[in-house]
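The sequence shown lines up with residues 1 to 97 when you count with UniProt numbering. The C-beta atom is built at its ideal place from N, Cα and C for all residues, glycine as well. Computed from a prediction, not measured in an experiment: that's the story for all the values here. The structure appears right after this line, and notes come after that.
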Amino acid sequence: MVLEVALIDVTPGHEDDFAAAYAQAYPIIIDTPGCRSARMTRGIESPTRFVLLVEWDSVEAHDVNFRQSERFQQWRALIGPHFAGPPLVEHFTDVPA
1 MVLEVALIDV TPGHEDDFAA AYAQAYPIII DTPGCRSARM TRGIESPTRF VLLVEWDSVE
61 AHDVNFRQSE RFQQWRALIG PHFAGPPLVE HFTDVPA
């Protein structure tokens with residue numbers, strides 16, 4: 001399992017519209033093969049900053065099943081107009097205890 005972390009800065013004044021667009025876009029990502037879970041969080045100190053956390057079976061599941069599919073285009077069409085700039089996206093794996 002890998003965790004996708006996307007740091008998203010939203011244009012000031014678009015926060016509520018972005019959250020509503022995410023609610024519409026959520027089924028697109030969660031129904032993607034290889035997606036285990038997804039959640040969006042919002043900054044308290046920086047309310048225009050959001051963090052998307054998505055658990056994928058693998059980096060390939062994210063890249064091939066989502067980013068290289070029509071799903072990504074639909075997803076981006078809904079939430080992209082509210083971006084202040086391109087999101088910073090990275091993948092992480094758990095560190096054993």
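Remark: C-beta atoms of L7 and L53 do not approach each other more closely than 8 Å. Ranked by how close their Cα comes to the Cα of Y22, the residues L88, P96, H91 and F83 have F83 in first place. Between Q74 and I28, the C-beta gap is smaller than 8 Å, which places the two residues in contact.
Only residues of its own chain outside the window of five on either side were considered, and among them A6 have a CB closer than 6 Å to the CB of V89, listed in chain order.
DSSP, reduced to helix, strand and coil, places V64 within a helical segment of the structure shown.
Membership of A77 in the alpha helix (DSSP H) is indicated by the continuous run E70 to I79.
In the displayed model, D17 falls within a helix according to three-state DSSP. V95 carries a coil assignment under DSSP once its states are collapsed to helix, strand and coil. The continuous beta strand (DSSP E) containing I8 extends over residues V2 to D9.
Residue pairing by DSSP leaves V59 without any beta bridge partner.
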